[in-house]
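Chains as they are written, first to last, in my numbering: chain A, 575 to 1086; chain B, 533 to 957.
Shown next, in structure tokens, is the structure this report addresses.
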Amino acid sequence: MTALDNVKEGVEKETVDAVKAVSTYKYGWETDIDMEYAPKGLTADIVRLISDKNGEPEWMTEWRLKAYERWLEKKEPNWAMVDYPQIDFQEQYYYARPKSMETKPKSLDEVDPKLLETYEKLGIPLKEQMILAGVEGAEQSAPADGQGEATSDRRVAVDAVFDSVSVGTTFQKELKEAGVIFCSISEAIREHPELVRKYLGSVVPQSDNFYATLNSAVFSDGSFVYVPPGVRCPMELSTYFRINAENTGQFERTLIIADKGSYVSYLEGCTAPQRDQAQLHAAVVEIIAEEDAEVKYSTVQNWFPGDEDGKGGIYNFVTKRADCRGDRSKVMWTQVETGSSVTWKYPSCILRGDDSQGEFYSIAITNNWQQADTGTKMIHLGKNTKSRIVSKGISAGQAQNTYRGLVSMHPKAKNSRNYTQCDSLLIGDKCGAHTVPYIEVKNNSSRCEHEATTSKVDDDQLFYCRQRGMDEEEAVALVVNGFCREVLQALPMEFAMEAQQLVAISLEGSVG
Amino acid sequence: MALPQPKIDALEARIAGLTLPEGGWSEAARKDALSRLTAMGLPHARDEYWKFTRPAKLVEAEVTPATVLDEDEMPIFDAFDRLKIVFVDGVFDAEASDDLSLEGVSIDRLAESQDIHWAKDIYGVLETRGQDPVERSLAALNTAFATDGLLIHVHGKPSKPISVIYRHESETSDAVLHHVVKVDAGAEATILENGPAAARFNNVMEVEIADTGKLHHVRAQGRDHERRAATHVFARLGKESVFKTFTLTVNGVLTRNECVLEFTGDDAVGHVAGACLGDGDFHHDDTVFITHDAVNCESRQVFKKVLRNGAVGVFQGKILVKPDAQQTDGYQISQSLLLDDDSQFLAKPELEIYADDVACSHGSTSGAIDEDSLFYLRARGVPRGMAEDLMTIAFIAEAVLEVEDEALQEEINARVEAWLARRRD
């Protein structure tokens, strides 16, 4: 029974319904659309088929097959503090695309209206004059046609990925004028093979780990970004991932290259329908930052987390890594993890260039039966490198939340700095919060600081809020938002609003 | 799961030269320990729990010889009024030891086997509990093959500390000692341990403290450069009991000190602290596992490491708070001072928490001596060397303060200063 079943007198029905609507997973519906599947299971033929469907050149097919062979020899990792039934990798579909996408639409006008509707319903309009939903106040400032100077800093280019294929990418023309390449990775393999060959797998090698290897073999789509030297990307770039088909894994691959002196901010969002059966998602994200380049990567991960009894949900096994190759380069990871039944994700930075910087801001919220094992790795190789880790874990219901991280200062990384703070908050006495940091310092001019705390929601703070008329859930949501503020502040505006609401929604029903 | 063949071979080679003592009250426990050991195998460099410390020299069949150091200073604790018990290369030395009788405590030896003994309820029992969730096979090996050790039953408040002295005289000695300490309700004692013990030393101490009992444990691991040691302390704490253990390590090519603490009674206090000073070929590992399984207990872990000339310091600490262990106060700090660029500090400070009304925190830092503070001291006329020493002593102080007895604190500080002075010349 949730707190909402007992409603005080005088509360209008509309209010109750409105609150109920946000207290459940909003994106659990399904799009009824004709799909085309590759046969179930994973074999070398399936890998060839995926490659063929994407119209890939021979070298790419070979690259995938090599990954597949290595995957066969790899063992599933079991060191994370997550527990889930054995996954049968032959019971999955590795490729699913809407039939209407058989011939790639030339422009967004040709895209199946059903697909466009799906994204509209998710608040991700694929029309260029529209603005990402959820940004209050942005509408007013936007002229009707959405062009013009006033809105240029509020616009977001979107690449929408539906199951295994990219549906379309907005603002391509304008980005092209600036020299920025933003398209699906399948398109990039065809159109920009020299860039893809040079960078693909250079940060996360084919056989990096079990799931990355699987991804290397079967990735179907994802986004590709190239920002040329000295260019500041004129708008935020965003990819929206939607899993729709049943028993289908999504394996996207994202490759972001920021050439010398460039800047790009990239957002990633994801949702999936509500189903009884767990679904697999194994993505790889590679970021390359050359000299003086800066990349900001923000994620709001809202895959279906499973129901109140822990049924269904997404298994989210993701490898994300950034290589700060050039001197003075900078990469910033920000993540809000509220979804997925199991999360296994460690966005990392290799600080190779001198004076390079890596930052990691994370909020991981687990409720009901969710399990999250997430954190980061900061590998300091260059001189004067800096890293900062702020991780906030919130655990409610029967959930388990683990921070796992590595800070490594190599002997040559003189004068480097790291600051790590990981705090955990427990709501309820059946959940768990864990911290597993690894710290390796191999020179003495570097300084490494690590702090972690675990506590429950402060009674005094709750009392203060309740005295001012808030109910308990509201009060908890407010305290939790305060607990997360350092991370929320690091998010771009588009996401900060959504994230703040998500923090409240994810914890709904966890009190009392 | 069956052990891989290389692990079976390594274990067989290691235990080939050892004999399982037969008869007496400990026989069953020793046989159980051997079967545990056979199931686990010895630690290997690829084991996650040995990620930062290579166990090869601790498990090899033949002991790597260790030169005996010519002590040029008075052994630590010598100035204290105490009950002396001496082991030379792991063998009890009756002549050098005092008479084992002291009011408030009864002391027996493991080697003097009887058929019935109170220690039967503890011997190997706490070690077995400590094997979950992480295997500690060197401790199981110890339980099975220990040649001697002390069985200390504290039933009152003895007037002086019990001091165990481990002398190292043979370059190839391989000592395996196992002590059992039982502290009754309301009883209180101090146990001191010092000395390098042997070329290779495997030491286990199992400690059971009844409600309201108190035990202070202070240890100094000896200055021999080439000795190797693997030690385990397993302690179980009853209601309102207090257990404080402190270890000072200066030199020693390889040391692994594990401490496994379990709170089973409410309102108990357990502190584990350590200071180590390493110069050159020195690898020191503190591995601590604290389990809170009772309400309102306090645990503290304070570890400080001063490292130079390529010395390596390791800290693996874990606080596990079980679902009903509410009002737990868990604190953990591990810090290293790297005096030069070749030294390393490797740490894994873990929290695993299943109760919500807790305050647990851990901190870990690593770096060089703060230049600003040095400048401050030098601006006031303190020479650089002395300023560095002052800063180092201040750095170590938080750990040393964990020792309750002030005279013992001073004794430890004097050793730290002597170590620094030797390196200053």
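Glycine included, every Cβ here is placed at the ideal spot set by N, Cα and C.
query	result
Say whether chain A places a C-beta atom closer than 8 angstroms to the C-beta of B/Val-890.	yes
Does A/Tyr-920 get closer than 8 angstroms to chain B when you measure Cβ to Cβ?	no
Might you give, ordered along the chain, the residues of its own chain that have their beta carbon closer than 7 angstroms to the beta carbon of B/Asp-613, omitting 5 neighbours on each side?	Lys-692
Smallest Cα separation from A/Phe-891: which of A/Gln-974, A/Arg-771, A/Ser-914?	A/Ser-914
Using only alpha-carbon positions, find the residue among B/Leu-724, B/Thr-787, B/Asp-811 that is nearest to B/Phe-778.	B/Leu-724
Once you ignore the five residues that flank B/Glu-949 on each side, which residues in its own chain have a CB closer than 8 angstroms to its CB?	Asp-921, Ile-925
Since B/Gln-864 contacts B/Gly-849 with CB under 8 angstroms, what's their CB separation in whole angstroms?	5 angstroms
Hey, is A/Leu-925's beta-carbon within less than 8 angstroms of any beta-carbon in chain B?	no
Nearest chain A C-beta to B/Leu-590 closer than 8 angstroms, yes or no?	no
I'd like to know if B/Leu-952 contacts chain D, where contact means its C-beta is closer than 8 angstroms to some C-beta of that chain.	Checking the listed chains, one finds no chain D in this structure; the protein chains it contains are A and B.
Throw me the rounded Cβ distance for the B/Thr-675 and B/Ala-561 pair, which I believe falls under 8 angstroms.	6 angstroms
Starting from the Cα of A/Gln-660, find the closest Cα among A/Asn-783, A/Ala-852, A/Asp-929, A/Cys-807 and give me that residue.	A/Ala-852
Output needed for A/Ala-1064: all residues of its chain with C-beta closer than 6 angstroms, excluding positions within five of it in sequence on either side, in chain order.	Thr-908, Tyr-935
Would you say B/Pro-855 lies against chain A (beta-carbon separation less than 8 angstroms)?	yes
Have a look at the DSSP bridge pairing and note the partners of A/Phe-798.	A/Cys-757, A/Leu-829
Any idea which residues DSSP pairs B/Thr-781 with across the strands?	B/Cys-808
Under 7 angstroms Cβ-Cβ, which residues of chain B neighbour A/Tyr-1012?	Lys-880
Just how far apart, CA to CA, sit A/Arg-764 and A/Asn-783?	27 angstroms
Output needed for A/Leu-955: all residues of its chain with C-beta closer than 8 angstroms, excluding positions within five of it in sequence on either side, in chain order.	Ile-924, Leu-925, Arg-926, His-984, Lys-986, Ala-987
Applying a beta-carbon distance threshold of less than 9 angstroms, which residues of chain A neighbour B/His-687?	What B/His-687 touches in chain A: nothing, since even the nearest Cβ is about 39 angstroms away.
Anything in chain B within Cβ reach of A/Ile-968, meaning under 8 angstroms, just list it in chain order.	Going along chain B, no residue has its Cβ under 8 angstroms from A/Ile-968, so there is no contact; the nearest lies around 12 angstroms.
Does DSSP put B/Ile-865 in a helix, a strand or coil?	strand
How is A/Gly-746 classed by DSSP in three states: helix, strand or coil?	The residue you asked about is not Gly; residue 746 of chain A is Gln in the sequence shown. In this structure, A/Gln-746 counts as helix in the three-state DSSP scheme.
Can you give me the C-alpha to C-alpha distance between B/Ala-534 and B/Ala-577, rounded to a whole angstrom?	19 angstroms
What number of angstroms, rounded off, separates the C-alpha of A/Arg-1059 from the C-alpha of A/Thr-950?	19 angstroms
Among the candidates A/Phe-793, A/Val-838, A/Asn-821, A/Ile-830, whose CA atom is the shortest distance from the CA of A/Tyr-805?	Here residue 805 of chain A is Val; the residue named in the question, Tyr, does not match the sequence. When each option's Cα is compared against that of A/Val-805, the closest is A/Val-838.
Count the other CB atoms, across all protein chains shown, that sit within 10 Å of the CB of A/Asn-1017; report buried if there are 16 or more and exposed otherwise.	buried
A/Lys-673 to A/Ser-776, Cα distance in whole Å?	34 angstroms
Which of the three DSSP states, helix, strand or coil, is assigned to A/Asn-942?	coil
Who does B/Phe-835 pair with in a DSSP beta bridge?	B/Gly-806, B/Ser-866
State the DSSP-derived secondary structure class of B/Leu-550, mapped to helix, strand or coil.	coil
What ranges does the alpha helix (DSSP H) occupy inside the region 894 to 921 of chain B, keeping only unbroken runs of at least 4 residues that lie completely in it?	903 to 911
Would you report the Cα separation of B/Thr-819 and A/Pro-808, rounded to the nearest angstrom?	52 angstroms
Round the Cβ separation of B/Glu-794 and B/Leu-769 to the nearest angstrom and send it over; I've been treating them as touching at under 8 angstroms.	7 angstroms
Within the 8 angstroms Cβ cut-off, does A/Leu-955 reach chain B?	no
Taking A/Asn-941 and A/Gly-967 to be in contact with their CB atoms under 8 angstroms, please state how far apart those CB atoms are, rounded to whole angstroms.	About 12 angstroms separates the two Cβ atoms, so there is no contact after all.
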